[in-house]
Amino acid sequence: MNAAMRSASRQYLTGLTKAARQLEGRVHQALDSSNCFTRCSATNAAPQQEAVSSKLVYAVSGAPQHDRQPHPETARRVPAILAALERTGVTSSAHADKLRLLQQPRRATMEEITAVHDLEYIQQLKDTAENHSPTVVADFDDPDGFTYLTSTSFEDALKVNRQLTPVKHAQGYCSHPQSTAMHEAASGQTALTSEWLLCPQASGGALALVDAVVHASKQRSTTGEVPAGYSIARPPGHHATANQSMGFCLLNNVAIAARYAQQHHGLKKARPLLQLLLQVMILDWDVHHGNGTNDLFYDDDSVLMVDMHEDGVWPGSGLLNETGSGRGQGHTINIPMPIGSGDTAARLAFDKIIQPAAIRFQPNIILISAGYDAHWRDPLEKLNFYSSTYHFLTRRVKQLSNKLCGGRLVMLMEGGYSLQGLSESVSESFLALLGEPSHHQPDTDVVEPMDAVWERIAEVRKLHGLEQGTR
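For the sequence shown, position 9 (counting from the first letter as 1) is numbered 1205 according to the numbering used here, and the numbering increases by one without interruption.
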C-alpha cells in the first residue's frame, strides 16, 4: 500500500458524519454491554481461540540477536524482566490461574504492517539489509545511539514463519533457535538485526494479544473475566513514522496494533446501513514523546493519542499546542512534564488529564505505549518516576478499561534502559494487572517541582476543555 492509498484508507476510516459520531456516543454503552465486536470480513477473521479465564495474557520476544555493543536498547532488557518476574513470584505457580503465556503467537503480515508503514519504506529496509549491511540508516548524530541494519534483518523475518520458543523463566531469557547468548551492552548504537520482524516480534505479538483480549471480551458472560494483554518485546516502536526508522524504533508496533484492531475487530453495526468505527485510545508514558504515533494519527478522530513525556528532550516534539489537525483536532493531548517530575506529578496528570480525557472520548479499546525510562534510575533523561508509579498507572488504566471498554487493554513495551528500573517497573505493571499490591513504595522525601507541575496540568486542562473535573 503506497502513501496515497494509505491516506485514502485513513480518510475512509475517519470519514464519519457528525450525526454518526453523535449516534455512536449514544449506542456505545449498549454495544459494549453486548460485546458487539464483529469482523470486518470473514477472510480477515483471526483463528478462533479457546476461552480465556486469566487476568493477564502476555507474549515475549527477546530478539537476542538484535543487539549491538555498546547500546542502551540491549538484548539484556527482556532477560532482566523475565528474571524479575520469576524473582518476585509473578510467574510462579501461585498465579498459574491468572497468567497465560502465548507460546506461539504469529508474526505480523506485510498487509498489517503496510496499513501503517509505506511499502516503499519496508522495501528500502529489505534492500539495504541485503545489499548494504551492516549500515547506519538513521539517527547519525544521536548521542544515545544510531539505527543500523545487518544482512539478515529482513529476509530472516519474512522468509521463515518462525514461532516463539518456550520462555525459560528460570534462566531469565527467551530462547531462540539460532542463539541464546545474552550480550553485554551499555550505551551506543541503535540495533537492528535478523530479529526485527521475527514472530511474534514486537508487532505480531501485539496483534495476537489484541485478538486474545477481544475474543475474551466476547466470552465475558461465560468466563467472567477479561484479561489484559502485555507484550514484552523489543525493539520499541513509538518513534517510527510511516517511512522512517528512528530512536531505536523500526516498526510502530502500537500504531500497527491500533489499525489492526480497527480493521479486524472494529466495525460494529449499530443500525441498518450504518457502521461505526471503533475508537482507540493510545496512552504513551515513555519519557520521550512518541512522535511517530503522534504523526500517524494526527488527523484521525477515531484515535485519541495522550502522551505524557519529559518536556524539552529528544525528539523535540510533543509540544503543548500540538493538538491534532482536521478531523483529528483535539484528539492529540500532549503532557510535557517539567524536569524532575515524579510520582506525585504522574498521579496528578492521570487524575486531572488522562482519566477525564478517556471518559470523554469513550474508547472501545485502550493501547499503552509502556515506556519505563521516566524511572529515576534511567540513564537517558531526568524524570523521577518510581517502580511503584508504574503500578499506579497500570492499575488505574486497567480500571478505566473495565469502566469504559469492557476491559479491553493491551500494553506494549517501549523504552527503559536501566535494567533494574525496567525490570522492577514491568513487574509492578504485571502485579497491578493481576490485582496484586505493589512491592515498592515511593520515596515521600523526594522534592518535585510541584508549582511547575500544577501550572502545566492547568494549561493542558484549559487547552483541552477538561477544567470541569473528572467524573
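Where a beta carbon is used, it is the ideal one built from N, C-alpha and C, also for glycine.
Legend entry - Best match in F1626, R1523, P1511, P1552 for proximity to D1337 [C-alpha to C-alpha]: On the sequence shown, position 141 is the one that residue 1337 refers to. With distances taken between Cα atoms, D1337 lies closest to P1511.
Inset, instruction - Determine the extent of the alpha helix (DSSP H) in which P1511 is found, giving its start and end residues. - result: The residue labelled residue 1511 in the question sits at position 315 within the sequence shown. From DSSP, P1511 is part of no alpha helix (DSSP H); its letter is neither H nor E.
Inset, instruction - For the region 1433-1464, list the alpha helix (DSSP H) runs that are entirely contained and at least 4 residues long, ordered along the chain. - result: 1449-1461
Inset, instruction - Decide if I1653 is buried, meaning its Cβ has at least 16 other Cβ atoms within 10 Å, or exposed. - result: Position 457 of the sequence shown, counted from the first residue, corresponds to residue 1653. Classification of I1653: buried, given that the 10 Å Cβ count is 16 or more.
Legend entry - 6 Å Cβ shell around H1636 - same chain, five flanking residues per side excluded: In the sequence shown, counting from the first residue as 1, residue 1636 sits at position 440. Answer for H1636: S1583, S1584, listed in chain order.
Inset, instruction - Identify, in the order they occur along the chain, each residue of the same chain with its Cβ nearer than 7 Å to the Cβ of S1634, setting aside the five sequence neighbours on each side. - result: Looking up residue 1634 in the sequence shown gives position 438. Cβ neighbours of S1634 beyond the five flanking positions: S1584, H1587, E1624, L1627.
Inset, instruction - Could you work out which residue in Y1613, V1606, Q1616 is closest to L1629 when comparing CA atoms only? - result: One-based indexing of the sequence shown puts residue 1629 at position 433. The option with the nearest alpha carbon to L1629 is V1606.
Legend entry - Segments assigned alpha helix (DSSP H), at least 4 residues, entirely inside the region 1279-1310: 1306-1309
Inset, instruction - Please report how far the alpha carbon of K1322 lies from the alpha carbon of P1645, in whole angstroms. - result: On the sequence shown, residue 1322 is found 126 positions in, with the first residue counted as 1. On the sequence shown, residue 1645 is found 449 positions in, with the first residue counted as 1. Straight-line Cα distance between these residues: approximately 47 Å.
Legend entry - Residue from F1546, K1548, R1543, E1316 with nearest C-alpha to A1438: For this step, residue 1438 is matched to residue 242 along the sequence shown. Looking at the Cα atoms, E1316 is the closest of the given residues.
Inset, instruction - Inspect the CB distances between the region 1610-1623 and the region 1654-1661 and report whether three or more fall short of 8 Å. - result: no
Legend entry - Residues that Y1426 bridges to, as DSSP identifies them: For this step, residue 1426 is matched to residue 230 along the sequence shown. According to DSSP, Y1426 bridges with Y1254, M1607.
Inset, instruction - Measure the C-alpha to C-alpha separation of G1433 and M1609 and round it to an integer number of angstroms. - result: As a first step, residue 1433 is located in the sequence shown; it is residue number 237 there, counting from the start. As a first step, residue 1609 is located in the sequence shown; it is residue number 413 there, counting from the start. Computed Cα separation, rounded: 9 Å.
Inset, instruction - Kindly give me the distance between the Cβ atoms of Q1475 and N1560, rounded to whole angstroms, as I take these residues to be in contact under 8 Å. - result: Position 279 of the sequence shown, counting from 1, holds the residue named residue 1475. Position 364 of the sequence shown, counting from 1, holds the residue named residue 1560. Indeed they touch by this definition, with Cβ atoms about 5 Å apart.
Legend entry - Three-pair Cβ contact test at 8 Å for the region 1274-1284 versus the region 1401-1420: no
Legend entry - E1391 burial status per 10 Å Cβ neighbour count (16 or more: buried): Your numbering for residue 1391 matches position 195 in the sequence shown. Caution is warranted here: a pLDDT of 40 is assigned to E1391, below 50, making its placement in the model unreliable, and the coordinate value is therefore given only provisionally. By the neighbour-count rule (16 or more Cβ atoms within 10 Å), E1391 is buried.
Inset, instruction - Would you tell me roughly how many angstroms separate the C-alpha atoms of W1650 and I1535, rounded to the nearest one? - result: Mapped onto the sequence shown, residue 1650 falls at position 454. Mapped onto the sequence shown, residue 1535 falls at position 339. Distance between the alpha carbons of W1650 and I1535 is about 13 Å.
Legend entry - Euclidean distance between Cα positions of G1258 and P1431: Residue numbering aside, residue 1258 sits at position 62 when the sequence shown is read from its first letter. Residue numbering aside, residue 1431 sits at position 235 when the sequence shown is read from its first letter. Straight-line Cα distance between these residues: approximately 9 Å.
Inset, instruction - Enumerate in chain order the residues of its own chain whose CB-to-CB distance from K1251 is below 8 Å, with the five nearest sequence positions on each side excluded. - result: Residue mapping note: residue 1251 aligns to position 55 of the sequence shown, counting from 1. Taken in chain order, the residues that qualify are K1294, L1295, E1421, P1423, A1424, L1629, L1630, G1631.
Legend entry - Exposure of G1661, with buried meaning 16 or more beta-carbon neighbours within 10 Å: Sequence index remark: in the sequence shown, residue 1661 carries index 465 (1-based). Classification of G1661: exposed, given that the 10 Å Cβ count is below 16.
Inset, instruction - Report the residue from F1493, L1515, S1498, H1485 whose alpha carbon sits nearest the alpha carbon of H1505. - result: One-based indexing of the sequence shown puts residue 1505 at position 309. Of F1493, L1515, S1498, H1485, the residue nearest in Cα terms is H1485.
Inset, instruction - Leaving out five residues on either side along the sequence, give the residues of the same chain with a beta carbon under 6 Å from the beta carbon of A1311. - result: Taking the sequence shown and counting its residues from 1, one reaches residue 1311 at position 115. Only R1455 meet the Cβ criterion.
Inset, instruction - Please name the residue or residues paired with H1527 in a DSSP beta bridge. - result: Indexing the sequence shown from 1 puts residue 1527 at position 331. Looking at the DSSP assignment, H1527 forms no beta bridge with any residue, so it has no partner.
Inset, instruction - Would you decide whether D1539 is buried or exposed? Buried here means 16 or more other CB atoms lie within 10 Å of its CB. - result: In the sequence shown, residue 1539 corresponds to position 343, counting from 1. Answer is buried; the Cβ neighbour count reaches 16.
Inset, instruction - Would you give the residue range spanned by the alpha helix (DSSP H) that V1622 belongs to? - result: Walking along the sequence shown from the start, residue 1622 turns up at place 426. Its alpha helix (DSSP H) spans residues 1615-1629.
Inset, instruction - From the DSSP output, in three-state form, read off V1656 for me. - result: The residue given as residue 1656 occupies position 460 in the sequence shown. Looking at V1656 - three-state DSSP - the assignment turns out to be helix.
Inset, instruction - Taking all protein chains shown into account, decide if M1533 is buried (16 or more other Cβ within 10 angstroms of its Cβ) or exposed. - result: For the purposes of this step, residue 1533 is identified with residue 337 of the sequence shown, where counting begins at 1. That one is buried.
Legend entry - Simplified DSSP state of V1643, which is helix, strand or coil: On the sequence shown, residue 1643 is found 447 positions in, with the first residue counted as 1. Reduced to three states, the DSSP call for V1643 is coil.
Legend entry - Whole alpha helix (DSSP H) elements within the region 1525-1564, 4-residue minimum: 1539-1545, 1551-1557
Legend entry - Limits of the alpha helix (DSSP H) - the one that V1312 falls within: Along the sequence shown, read from residue 1 onward, the residue named residue 1312 stands at position 116. That residue, V1312, is in no alpha helix (DSSP H); it is neither H nor E in DSSP.
Legend entry - Contact check, I1452 vs A1304, beta carbons under 8 Å: Along the sequence shown, read from residue 1 onward, the residue named residue 1452 stands at position 256. Along the sequence shown, read from residue 1 onward, the residue named residue 1304 stands at position 108. Going by C-beta atoms, I1452 is nearer than 8 Å to A1304.
Legend entry - Enclosing alpha helix (DSSP H) for V1593 [first to last residue]: Taking the first residue of the sequence shown as position 1, residue 1593 is located at position 397. 1583-1600 is the span of the alpha helix (DSSP H), which, as asked, contains V1593.
Legend entry - Euclidean distance between Cα positions of E1256 and Q1558: Translated into positions along the sequence shown, residue 1256 becomes position 60. Translated into positions along the sequence shown, residue 1558 becomes position 362. Strictly speaking, residue 1256 in this sequence is Val, with Glu absent from that position. Straight-line Cα distance between these residues: approximately 30 Å.
Legend entry - Cβ-Cβ distance between D1495 and G1524 below 8 Å: By one-based count along the sequence shown, residue 1495 stands at place 299. By one-based count along the sequence shown, residue 1524 stands at place 328. Contact flag set, yes.
Legend entry - Of the residues R1416, F1493, Q1415, the one placed nearest A1436, counting alpha carbons only: The residue you call residue 1436 lines up with position 240 of the sequence shown. Minimum Cα distance to A1436 is reached at F1493.
Inset, instruction - Could you work out which residue in Y1568, Q1319, N1449, L1596 is closest to P1268 when comparing CA atoms only? - result: Counting from one through the sequence shown, the residue named residue 1268 turns up at place 72. Checked all of Y1568, Q1319, N1449, L1596; the closest Cα to P1268 is Y1568.
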